[in-house]
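A.B. asks: In order, the protein sequence lines correspond to chains A and B. Quick note, the first sequence lines up with residues 1 to 427 if you use the numbering used here. Quick note, the second sequence lines up with residues 1 to 427 if you use the numbering used here. Shown below is the structure under consideration.
Number of protein chains: 2
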Amino acid sequence: MKSYLEMTRAELLEEKAQTEQELEKIKALSLHLNLTRGKPSPLQLDLSMDMYDLISSKSVLRTQAGTDCRNYGSLDGIDEAKRLMAGFMGCEQEQVIVHGNASLSIMYDTIARSMTHGVAGGVPWCRLDKVKFLCPVPGYDRHFAITEFFGIEMINIPMHEDGPDMDFIEKLVSQDEAVKGIWCVPKYSNPQGITYSDETVRRFAALKPAASDFRIYWDNAYAVHDLYEDERDELLPILPECEKAGNPDMVYMFCSTSKVTFSGAGISAMGMSHANRERMLKQMSVQTIGHDKIKQWVHTRYLKDMDGVRAHMAKHAALIRPKFEAVDDILSREIAPRGIGTWIKPKGGYFICFHALEGCAKAIVAKAKEAGIELTAAGAPFPYGIDPKDSIIRIAPTFPDLEEMKQAAAVFACCVKSASLEKLLNN
Amino acid sequence: MKSYLEMTRAELLEEKAQTEQELEKIKALSLHLNLTRGKPSPLQLDLSMDMYDLISSKSVLRTQAGTDCRNYGSLDGIDEAKRLMAGFMGCEQEQVIVHGNASLSIMYDTIARSMTHGVAGGVPWCRLDKVKFLCPVPGYDRHFAITEFFGIEMINIPMHEDGPDMDFIEKLVSQDEAVKGIWCVPKYSNPQGITYSDETVRRFAALKPAASDFRIYWDNAYAVHDLYEDERDELLPILPECEKAGNPDMVYMFCSTSKVTFSGAGISAMGMSHANRERMLKQMSVQTIGHDKIKQWVHTRYLKDMDGVRAHMAKHAALIRPKFEAVDDILSREIAPRGIGTWIKPKGGYFICFHALEGCAKAIVAKAKEAGIELTAAGAPFPYGIDPKDSIIRIAPTFPDLEEMKQAAAVFACCVKSASLEKLLNN
């Protein structure tokens, strides 16, 4: 097969005619498939249902230390849950606060408190003329929604295969006191599936920020979400590295079981230095008496420890790996030889990130919609929804079943061809 | 028995000698009882344990509308839970947003968003020189902690037997644009157990605030927490009254099942006008994808409807009523005839509020502590922890068992006598 980039105009026109025929056939099928969000499939959710066989009217809902999980209290969570979530983040149990059903809410609350009360005795951000966050792109749209909501200026940071551009980050962080944070998804990044290298993690830990209230917002959402048991990415735990570098307070880590047990009905946690933790708990005590300890109890009884988590995640992997591979196969066959798109084959996480020819992403998403495939809006993985090159499309293979995913990937490939041909013919 | 206020100095001295002997005997018992917080007892928590027999690996966790409760989504909660919580608040299902495990967090978040983003298009409060809240006193310490945390000035409003002083409220609210809110616990108020009269509710609904972003923060924490089935207080639902008065947006209502099922592991909700609700959901969408729908599912299956809730609450009442009555009996016998304290015998809620002679509350709490009884700090039910008359003590009878409660009440009465005698003798 010949790359479109090497084709003559006549060849491109012929290809276009064929592709349009293909698209017409697809439209006649009246498909309705949704690839927009990183949601687990019903079969994945079925995997954790036996958790509810561990709790009944006969259960003694007490912790090992004797705390009654049914009553008020334990602002930082029960010890069993702190221990479990420490394993997700690669830190000590004493560095953890267990929260409610969503790590997103912890991140939002952390930013919200920084706005009204500042970070570690610093000036509340709402009193500053300008607050800036660094945003590795493409990234997670809900991170950017939080910073946008609070009027924080976002600066795009390019991503490389070993993590974000550290030269650029080091420069901005050390020179500009208005830079107060950076959003990171360090393992199987959303949406590219990139895991930060040890070198990248160490450079993060060694940052010398101009602002004393600068923090790294380390959202380890896919900490245990490997697709392959024998070929998993290993992320260097950042908190110990920050400690070694003399920057123990510089990182806030977040994680959850949203894609381990139930989405929106799991538990979440934050990991951080002792000093950060004490400050956080003091502020949190105004907001809540404590999070749901019964859910913490049942989650820790069910998942037990990191071995239990890994064993459980292997079941998830068995369900979703074929879908990721189907997308990879179809793109490898239909797109790669035509030279009209690239992607990283991820070893985990929830997404495949497609890099189209520049200026084609919006057109591809629009064509897919016409063909019955709902994709995440082009631009969504960027601050303010603006992809400067209009080239990134996030594909979420987990929710549809395998046959649907194969069909959707084929339609997607056809739309990529069609949009790419239009671009090349109009140039 | 003679009132202390009518005793001669010699009689008071004789009484003091006797009381001190009593106190010495009590101290010799080395008691350790805690009456500080409004926590349900383990037996109360046992009442709801069969809720967990309604969920197992075999459960189909779908709503009637077909939503999978195990996956992301439903920012405002599932319909079944909205319907249930509407019953708590006396409003329509369409006026409800179901939240997480704590109404306290909803209140905090509502204030926090008002600080950073304003209310309904108004100026964010963090940009104003002064924001004031009205605080009926005595009141709920955690309300005051929220407003204090955000630097909001709190103004004490006296409570009467039919609710807060409406003349004073009408004056302040209509004249001062800096007054942005008022904290209310309208039924079985914390700590006095007062239910606002229909007239009070109607005057609230008809307020004419100077500030367009003024809101009534209506924390109906004890909506269904009656002690007597045949003699319950009825609270007029405020939202319909606000609608009639042309002020539909003026009230935010809050409630939860924290003291119905499990404390910190129940569900909570907010009720409000359509316009308020739309604004709230838009802001909430940045903070969370949705709250725990599995918990909503199991709660609605368990409690079913308001009849189910009333039947369940009757079981709570049967457990806690004897404790409230024991306190009332002992105070009626030991304190009332001596003229050294008053209280309202509550028909529901979680507290008995003792009004000691002026200047005696701190001394009573200190004496109780020496005698092995931990009481809520004197002053706690007031903004900034300052009781201007040093006379209010909140007693929380629910957590200890009946015998402990009787013992604690007797010790408390002895401490009241002792502190009152010291005051009278020093005058």
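Just so it is clear, CB atoms sit at the ideal spot from N, CA and C, and this is done for glycine as well.
By DSSP's criteria, Phe254 (chain B) is part of a beta bridge. Which residues make up the other side?
C.D. replies: Taking the second sequence and counting its residues from 1, one reaches residue 254 (chain B) at position 254. DSSP lists B:Asp219, B:Met270 as partners of Phe254 (chain B).
A.B. asks: Is the region 102–120 of chain A touching the region 252–268 of chain B, taking contact as three or more C-beta pairs under 8 Å?
C.D. replies: No: fewer than three Cβ pairs fall under 8 Å.
A.B. asks: What span of residues does the beta strand (DSSP E) with Ala366 (chain B) cover, start to end?
C.D. replies: Position 366 of the second sequence, counted from the start, is the residue given in the question as residue 366 (chain B). First-last for Ala366 (chain B): 361–370, but that is the alpha helix (DSSP H), not the beta strand (DSSP E).
A.B. asks: Going along the chain, which residues of its own chain have a beta-carbon closer than 7 Å to the beta-carbon of Ile373 (chain A), five neighbours each way excluded?
C.D. replies: Residue mapping note: residue 373 (chain A) aligns to position 373 of the first sequence, counting from 1. Excluding positions up to five away in sequence, the list reads Leu31, Leu33, Leu35, Ala408, Val411, Phe412.
A.B. asks: Can you confirm whether the region 202–220 of chain A touches the region 232–244 of chain A when touching is taken to mean that 3 or more C-beta pairs between the two stretches lie within less than 8 Å?
C.D. replies: Yes, the region 232–244 of chain A is in contact with the region 202–220 of chain A.
A.B. asks: So what's Pro40 (chain A) in DSSP terms, helix, strand or just coil?
C.D. replies: The sequence position of residue 40 (chain A) within the first sequence is 40, counting from 1. Coil, per DSSP.
A.B. asks: Along chain A, which residues have their Cβ under 9 Å away from the Cβ of Gly264 (chain B)?
C.D. replies: On the second sequence, position 264 is the one that residue 264 (chain B) refers to. Ordered by position in chain A, the residues that pass the 9 Å Cβ test against Gly264 (chain B) are Cys69, Arg70, Asn71, Tyr72, Gly73, Ser74, Thr288, Ile289, Gly290, His291, Asp292, Lys293, Ile294.
A.B. asks: Using a beta-carbon distance cut-off of less than 7 Å, what residues from the region 105–119 of chain B approach chain A?
C.D. replies: So the list reads Ser105, Tyr108, Ala112, Met115, Thr116, given in the order they occur along the chain.
A.B. asks: My understanding is that Val251 (chain B) touches Met280 (chain B), with C-beta atoms under 8 Å, so please give their C-beta distance in whole angstroms.
C.D. replies: Here residue 251 (chain B) refers to the residue found at position 251 of the second sequence. Here residue 280 (chain B) refers to the residue found at position 280 of the second sequence. With 8 Å as the limit, Val251 (chain B) and Met280 (chain B) do not qualify as a contact, their Cβ atoms being about 13 Å apart.
A.B. asks: Measure from the alpha carbon of Asp198 (chain A) to the alpha carbon of each residue in A:Asp46, A:Pro164, A:Asp213, then state which is nearest.
C.D. replies: Locating residue 198 (chain A) in the first sequence gives position 198, where the first residue counts as 1. For Asp198 (chain A), the nearest C-alpha among the options comes from A:Pro164.
A.B. asks: Could you pull the start and end residues of the beta strand (DSSP E) that Ile152 (chain A) belongs to?
C.D. replies: One-based indexing of the first sequence puts residue 152 (chain A) at position 152. Note, Ile152 (chain A): premise wrong, no beta strand (DSSP E); not H, not E.
A.B. asks: Could you check what DSSP says for Cys91 (chain A) in three-state terms: helix, strand or coil?
C.D. replies: Residue 91 (chain A) sits at position 91 when you count from the first residue of the first sequence. Note: Cys91 (chain A) maps to coil in three-state DSSP.
A.B. asks: Counting only beta-carbon separations shorter than 7 Å, does Gly100 (chain B) have a partner in chain A?
C.D. replies: The sequence position of residue 100 (chain B) within the second sequence is 100, counting from 1. Gly100 (chain B) counts as touching chain A.
A.B. asks: Quick one, are the C-beta atoms of Ala361 (chain B) and Ile386 (chain B) less than 7 Å apart?
C.D. replies: If you number the second sequence from 1, residue 361 (chain B) lands on position 361. If you number the second sequence from 1, residue 386 (chain B) lands on position 386. It is not a contact, given that the beta carbons lie outside the stated cut-off.
A.B. asks: How long is the line joining the alpha carbons of Glu153 (chain B) and Ala314 (chain A), rounded to whole angstroms?
C.D. replies: Taking the second sequence and counting its residues from 1, the one referred to as residue 153 (chain B) is at position 153. Taking the first sequence and counting its residues from 1, the one referred to as residue 314 (chain A) is at position 314. Their backbone Cα atoms lie some 54 Å apart in a straight line.
A.B. asks: Between the region 72–83 of chain A and the region 283–290 of chain A, do at least 3 Cβ pairs fall closer than 8 Å?
C.D. replies: Flag = yes, the region 72–83 of chain A and the region 283–290 of chain A touch.
A.B. asks: Kindly indicate if chain A contains any beta-carbon less than 7 Å away from that of Cys126 (chain B).
C.D. replies: For the purposes of this step, residue 126 (chain B) is taken as residue 126 along the second sequence, with counting starting at 1. So yes, Cys126 (chain B) belongs to the interface.
A.B. asks: CB Ser268 (chain B) to CB His99 (chain B), shorter than 7 Å?
C.D. replies: For the purposes of this step, residue 268 (chain B) is taken as residue 268 along the second sequence, with counting starting at 1. For the purposes of this step, residue 99 (chain B) is taken as residue 99 along the second sequence, with counting starting at 1. Closer than 7 Å, so yes.
A.B. asks: Mind the definition here: the region 136–144 of chain B touches the region 325–342 of chain A only if three or more C-beta pairs lie below 8 Å; say whether that holds.
C.D. replies: Too few Cβ pairs lie closer than 8 Å, so no.
A.B. asks: Please return the same chain residues whose Cβ sits closer than 8 Å to the Cβ of Thr19 (chain A), not counting the five positions on each side in sequence.
C.D. replies: If you number the first sequence from 1, residue 19 (chain A) lands on position 19. Cys414, Lys417, Ser418, Leu421.
A.B. asks: Per DSSP, which residues does Trp183 (chain A) bridge with? Please list them.
C.D. replies: Taking the first residue of the first sequence as position 1, residue 183 (chain A) is located at position 183. Paired residue(s): A:Tyr217.
A.B. asks: Indicate the three-state DSSP secondary structure (helix, strand or coil) for Glu374 (chain B) in the structure shown.
C.D. replies: Working through the second sequence from its first residue, we reach residue 374 (chain B) at position 374. DSSP places Glu374 (chain B) in strand when its eight states are reduced to three.
A.B. asks: How about Tyr228 (chain B) and Lys347 (chain B): are their beta carbons less than 7 Å apart?
C.D. replies: Mapped onto the second sequence, residue 228 (chain B) falls at position 228. Mapped onto the second sequence, residue 347 (chain B) falls at position 347. Against a cut-off of 7 Å, the Cβ pair of Lys347 (chain B) and Tyr228 (chain B) comes out as a contact.
A.B. asks: Starting from the C-beta of Ser391 (chain B), find all residues in its chain whose C-beta is less than 6 Å away, skip the five residues before and the five after it, and write them out in chain order.
C.D. replies: Taking the second sequence and counting its residues from 1, one reaches residue 391 (chain B) at position 391. The answer, listed in chain order, is His355, Ala356, Glu358, Ala361.
A.B. asks: So which residues of chain A does Ser59 (chain B) contact, with C-beta pairs closer than 8 Å?
C.D. replies: Translated into positions along the second sequence, residue 59 (chain B) becomes position 59. Per Cβ cutoff of 8 Å: Met49, Tyr52.
A.B. asks: Does chain B have any CB closer than 7 Å to the CB of Ile169 (chain A)?
C.D. replies: As a working note, residue 169 (chain A) is residue 169 in the first sequence. No, Ile169 (chain A) does not count as interfacial toward chain B.
A.B. asks: Which partner residues does Pro164 (chain B) have in the DSSP bridge list?
C.D. replies: On the second sequence, residue 164 (chain B) is found 164 positions in, with the first residue counted as 1. Partner(s): B:Met159.
A.B. asks: Span of the alpha helix (DSSP H) holding Leu303 (chain A)?
C.D. replies: Counting from one through the first sequence, the residue named residue 303 (chain A) turns up at place 303. Taken as a continuous stretch (DSSP letters only), the alpha helix (DSSP H) holding Leu303 (chain A) covers 293–303.
A.B. asks: Taking only beta-carbon atoms, is Leu45 (chain B) less than 7 Å away from chain A?
C.D. replies: Here residue 45 (chain B) corresponds to residue number 45 of the second sequence, with the count starting at 1. So, interface residue.
A.B. asks: Using 7 Å as the limit for Cβ to Cβ distance, is Ser103 (chain B) near chain A?
C.D. replies: Translated into the one-based positions of the second sequence, residue 103 (chain B) becomes position 103. Ser103 (chain B) does not count as touching chain A.
A.B. asks: Note down, one range per segment and in chain order, each alpha helix (DSSP H) of at least 4 residues found wholly within the region 275–360 of chain B.
C.D. replies: Listed in chain order, the complete alpha helix (DSSP H) runs (minimum 4 residues) inside the region 275–360 of chain B are 293–303, 306–334.
A.B. asks: Nearest CA to the CA of Val309 (chain B): which residue from B:Val224, B:Arg215, B:Met51?
C.D. replies: Here residue 309 (chain B) refers to the residue found at position 309 of the second sequence. Among B:Val224, B:Arg215, B:Met51, the Cα nearest to that of Val309 (chain B) is on B:Val224.
A.B. asks: Nearest chain A C-beta to Ala145 (chain B) closer than 7 Å, yes or no?
C.D. replies: As a working note, residue 145 (chain B) is residue 145 in the second sequence. It does: the Cβ of Ala145 (chain B) has a partner Cβ on chain A nearer than 7 Å.
A.B. asks: Out of B:Asp176, B:Met85, B:Lys16, B:Thr342, state which residue places its alpha-carbon closest to the alpha-carbon of Asp428 (chain B).
C.D. replies: Here chain B comprises residues numbered 1 to 427, so residue 428 (chain B) is not present and cannot be evaluated.
A.B. asks: To which residues does DSSP link Pro136 (chain B) through a beta bridge?
C.D. replies: Counted from its first residue, the second sequence places residue 136 (chain B) at position 136. According to DSSP, Pro136 (chain B) bridges with B:Ile157.
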